[in-house]
Amino acid sequence: MLEKRYDPKKVEEGKYDSWKKEGYFTAGDISKKPFSMVIPPPNVTGKLHLGHAWNTTIQDITARYKKLQGYDVMWLAGMDHAGIATQAKVEEKLRKEGLSRYDLGREKFLDRAWQWKAEYADNIHKQWAKMGLMLDYSRERFTLDESLNKAVVHVFKTLYDKGLIYRGERIINFDPELKTALSNIEVEYSEDKGKFYYFKYPIVGSNEFLVVATTRPETMFGDTAVFVNPKDKRYKHLIGKKVINPANEEALPIMGDEYVDIEFGTGAMKCTPAHDPNDFALSEKYNLKRIVCMDLNAKMNENCGKYKGLDRYECRDKLVEQIQKDGRLIKIEDIVHTVGHSERSHTVVEPMLMKQWFVKMRPLADQALKKSTVNFVPARFNNTFRQWMENVDDWCISRQLWWGHRIPAYYNKQTGDIIVSEKPINDPNYYQDEDVLDTWFSSALWPFATLGWPNENAPDYKRYFPNSLLVTAYDIIFFWVSRMIFDSLEFTKESPFKDCLIHGLIRDSQGRKMSKSLGNGIDPIDVIDKYGVDALRYFLTTGSAPGQDIRYIEEKVQASANYLNKIWNSARYVLESLGDNFKEVKIDFNSLNVVEKDILTKLNKTIKTVESLMDKYEYSMASSYLYNFVYDDFCSSYLEMSKVSLQMGDDKYKEVVKSVLLHILKNIIIMIYPFAPFIGEELYLALPEHKKSIMLESYAKALDIKEEEYEQVSNLYKMIQDIRNYKVNNKLAPNYKLKFIVEAKDVFPGFNDYLARFSFAKEIVVVEKASSKGMRYAYKDMNLYIEDDISKEELEAKKAKDIAFLKAEIARSEGMLNNANFVSKAPKEKVDLERAKLAEFKKKLAELN
RNA sequence: GGAUGUUUAGCUCAGUUGGGAGAGCAUCGCCUUUACACGGCGGGGGUCAGGGGUUCGAGCCCCUUAACAUCCACCA
């Protein structure tokens, strides 16, 4: 027998290990149709947060649902080496030991990184288990695995040979703290307070000077020109002359280009080709020198005279001081401008001219735009993807790190010639590039490289690629989804997955992003310990619209747990009702009483609706329909009715009622199970007949029955509600006994018993024509009179209220029906329905008068 | 500057081809009725952001305004 209370801890205990042990998570039943997903591999940097919990729960619901539907579900487990993030963590740990990575050297450092990985992978495995994820661990991959490296190297080489990967000198975003290049999307921009410095630049051969404003004086050592707009009347005459750079006294040409905004600043702009992408473009156009003035620690270099070795900001202060002493500082304004920060270290990135490896994006992006068949859900995210693809720049893929896939390029020590090779080159005349690839370069191959590709005959690749579904949050579309799409189309000639389900971000109760600095993060494990994992899963995946952000609200998790407790207790009632000698009988729908027919019909409709919504990944709406059925139709209505049904009729019918109860319960359990697998399994195993696990079941199936509306049953439910209402309004105790007269041609068998149970009736009389003066309630083809010492005023008040209501309805209905357009243009059913309503209202009104 | 989203009950949010506005929490009243007090029953509370349009009919479709949010681009 079930405990009185749903206790998540007890329910969850042992189940995950047993599922795993039984091999339920392992795909490979080739008699079934495949359904495949790959987990977005979490970084091996730390604990999983609520965002992961949300993302993986969506996938797990899908996996469990598809499995019950009869698919061979393959949900591949895996993790990401997360180059920058992990290396930063490992280095931080080393720093606490007083070491730097250079003290250890590459080999030993990587040993430490692998140790770190092992430790955190272990954490992640534990958290996945807690969440109940049916991941296929037999196929687990890590982005640095040998097999993935093979794919990475192959992709690199192929793209290089096609000219789609090149090594070139361009302005990249440099993270001075982590000392590596970043791609454009690893830079986050924010509105920061800064200063706008106005300096005098003396004009050569004149007493005049030009005022130039800058936010970054330290880059003045890299200036190679000053630009003005040729249409700018103030400066037009100066073009071709020279000015003195107040930082280093060098003469710079004054040049004209329409790029310069006349309105902005002073209209005169210093040009620093090696430290600004726009200036770089100008340098290409006018063939200007490019002077790098910082080293890889963001310290000033030998081009900066006495400032050499200073930190960039220190240099800025000292230089401004110097210029002020020289009398060339005009003013300093406070401004707010957007500044790029490293996504990982949050330091201000330095745009710098460097030699790096790039993926030439245009051809790949164009192909992706033309050929992608990925179906984004919700569809609007297709636009997000397309827009990014249409405007994408070349992708800087080299990182000055050690933790990652090392670039398979080898340089000739004498000539510097480059060989890109899939196999290591051991020739002593060559040395390998020191850099590694951007983490996303390998993640981009995840859907196929994990399945054995580039071996196109690998069994998993043939069976599970393209993937059926990918689930991720919208903030990862650029980093990952789009890159999987273009790599997949280039290398496999197919889109990597059929559907791409996009969800939002989880925020705190006030709508703020969860972050370490705010200290508003929530550990899923704490939530699970308090409310159970099923409640957390239910909260995360219900009650929100697809693609929207959600807020973490603890009360909602509590509410979810309460709902599960409700299901638990309804199961307890059903199972206790079955008794000891219960034998399930086949339900013959046509021989049932209407009350049973009514609930089975509602169940049927629920199953169909829920299944069609689940098929569309509309988990929130599916759960909402199920909730309404469980709460209103089953628990609040039928479950109470069944108590009467179980006392009616012969023993045979009792067994039928029990079988109906069991049928409903089983279907509820199956439908709630993908959302709440632990309680689902627990209740399933408590059923009198069951398989070894609910994981071996099939999904809920609707009965093949005629789905009618059972008016008499709805009348009964309405009647009960009216009687309860009557008692409350008249301050009568709920169990106060009253006499009822039911006016009806006939009522279904047991009608009086059902009504009596809920109304505590003193007496129920069913007549065809009543002459009662009691309070009257009207239903379709039925009236109810409550015999009581009711005052005349109350009766009159009720009657007046009823009349007013009916008159209003009649007016509304007539308004519609007198509208010739409505009658002629609206669908016939709607018009007929309205006519029927009007007739009913009129009839009732006539009866009242 | 470009794009997307949001605006519905006190709060947090659902609302799938347009056809009588819903949930959770909160609130008020009654009830320890034998599945459940993590409960039951009943109630109150909304000109669905404003304006215009299409339609017989609009929370839903179109236009427009406003506020908030997010992303992309630019910023000497």
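Each residue of the first sequence is one higher than the last, beginning at 6 in the numbering used here. All C-beta atoms in this analysis are idealised placements derived from N, C-alpha and C, irrespective of residue type, glycine included.
Using only the alpha-carbon positions, how far apart do residue i and residue j sit?
{"i": "Lys155", "j": "Asp284", "result": "40 Å"}
{"i": "Lys37", "j": "Ser105", "result": "53 Å"}
{"i": "Gly270", "j": "Val216", "result": "9 Å"}
{"i": "Gln372", "j": "His159", "result": "20 Å"}
{"i": "Leu358", "j": "Lys294", "result": "12 Å"}
{"i": "Asp77", "j": "Phe40", "result": "6 Å"}
{"i": "Arg385", "j": "Glu499", "result": "22 Å"}
{"i": "Ile170", "j": "Asp422", "result": "16 Å"}
{"i": "Pro443", "j": "Asn462", "result": "In the sequence on display, residue 443 carries Asp and not Pro. Those two C-alpha atoms are separated by around 28 Å."}
{"i": "Lys602", "j": "Val661", "result": "12 Å"}
{"i": "Asp585", "j": "Ala802", "result": "53 Å"}
{"i": "Tyr859", "j": "Leu608", "result": "Because the chain here runs from 6 to 854, residue 859 falls outside it and cannot be looked at."}
{"i": "Ser628", "j": "Ala749", "result": "38 Å"}
{"i": "Ser764", "j": "Leu843", "result": "31 Å"}
{"i": "His410", "j": "Trp119", "result": "13 Å"}
{"i": "Phe30", "j": "Gly83", "result": "14 Å"}
{"i": "Cys640", "j": "Ser575", "result": "7 Å"}
{"i": "Asn306", "j": "Lys162", "result": "35 Å"}
{"i": "Arg762", "j": "Asp807", "result": "27 Å"}
{"i": "Arg333", "j": "Leu187", "result": "36 Å"}
{"i": "Arg117", "j": "Asp638", "result": "59 Å"}
{"i": "Leu670", "j": "Gly537", "result": "22 Å"}
{"i": "Glu348", "j": "Gly56", "result": "18 Å"}
{"i": "Ala58", "j": "Phe587", "result": "41 Å"}
{"i": "Arg577", "j": "Ser664", "result": "15 Å"}
Look at the Cβ atom of residue i, then the Cβ atom of residue j, and state whether they are nearer than 8 Å.
{"i": "Lys732", "j": "Tyr741", "result": "yes"}
{"i": "Tyr790", "j": "Ala805", "result": "no"}
{"i": "His346", "j": "Val354", "result": "yes"}
{"i": "Ala5", "j": "Ile612", "result": "It is not possible to answer for residue 5, since the shown part of the chain is limited to 6 through 854."}
{"i": "Leu708", "j": "Phe634", "result": "no"}
{"i": "Ile273", "j": "Val209", "result": "At residue 273 the sequence reads Ala, which differs from the Ile that was named. No, the pair does not count as a contact, with Cβ atoms beyond the cut-off."}
{"i": "Phe846", "j": "Leu811", "result": "yes"}
{"i": "Leu494", "j": "Val364", "result": "no"}
{"i": "Ala93", "j": "Leu149", "result": "no"}
{"i": "Thr224", "j": "Gly199", "result": "no"}
{"i": "Arg317", "j": "Ala303", "result": "yes"}
Span of the alpha helix (DSSP H) holding residue i?
{"i": "Lys122", "result": "106-136"}
{"i": "Tyr543", "result": "538-546"}
{"i": "Leu55", "result": "55-73"}
{"i": "Glu338", "result": "Element bounds for Glu338: not the alpha helix (DSSP H) but the beta strand (DSSP E), 334-347."}
{"i": "Asp620", "result": "599-620"}
{"i": "Cys505", "result": "Looking at the DSSP string, Cys505 is not in any alpha helix (DSSP H); the run it does join, the beta strand (DSSP E), is 502-508."}
{"i": "Leu580", "result": "559-583"}
{"i": "Ala93", "result": "88-101"}
{"i": "Thr163", "result": "151-166"}
{"i": "Ala186", "result": "Here Ala186 belongs to no alpha helix (DSSP H); instead the beta strand (DSSP E) covers 185-187."}
How many whole angstroms separate the CB atoms of residue i and residue j, which I take to be in contact at a CB cut-off of 8 Å?
{"i": "Val615", "j": "Leu631", "result": "5 Å"}
{"i": "Tyr206", "j": "Val231", "result": "6 Å"}
{"i": "Val600", "j": "Val718", "result": "6 Å"}
{"i": "Met724", "j": "Leu760", "result": "7 Å"}
{"i": "Ile507", "j": "Pro679", "result": "Ile507 to Pro679, Cβ: 20 Å. No contact."}
{"i": "Lys275", "j": "Asp339", "result": "Not really, about 20 Å apart at Cβ, beyond 8 Å."}
What are the boundary residues of the beta strand (DSSP E) that residue i is part of?
{"i": "Ser703", "result": "Taken as a continuous stretch (DSSP letters only), Ser703 belongs to no beta strand (DSSP E), as it is neither H nor E."}
{"i": "Asp197", "result": "192-207"}
{"i": "Met42", "result": "38-43"}
{"i": "Ser143", "result": "141-147"}
{"i": "Met79", "result": "76-84"}
{"i": "Asn178", "result": "170-180"}
{"i": "Leu7", "result": "Segment: none, Leu7 is in no beta strand (DSSP E) and carries neither H nor E."}
{"i": "Val217", "result": "214-219"}
{"i": "Phe232", "result": "230-233"}
{"i": "Ala550", "result": "Counting along the chain, Ala550 falls outside any beta strand (DSSP E), and DSSP gives it neither H nor E."}
3-residue-minimum beta strand (DSSP E) runs that sit fully inside the segment 412-499, ordered along the chain
414-417, 423-425, 435-437, 472-478
Restricting to runs no shorter than 3 residues, where is the beta strand (DSSP E) found entirely within the segment 246-310?
247-249, 256-261, 273-276
If you scan the segment 744-819 from start to end, which runs of the beta strand (DSSP E) of 3 or more residues do you find wholly inside it?
If we require 3 residues or more, the beta strand (DSSP E) runs fully inside the segment 744-819 come out as 744-748, 768-772, 780-784, 787-792.
Give, in chain order, every unbroken run of the alpha helix (DSSP H) that is at least 4 residues long and sits entirely within the segment 349-408.
Counting only runs of 4 or more, we get 366-376, 386-396.
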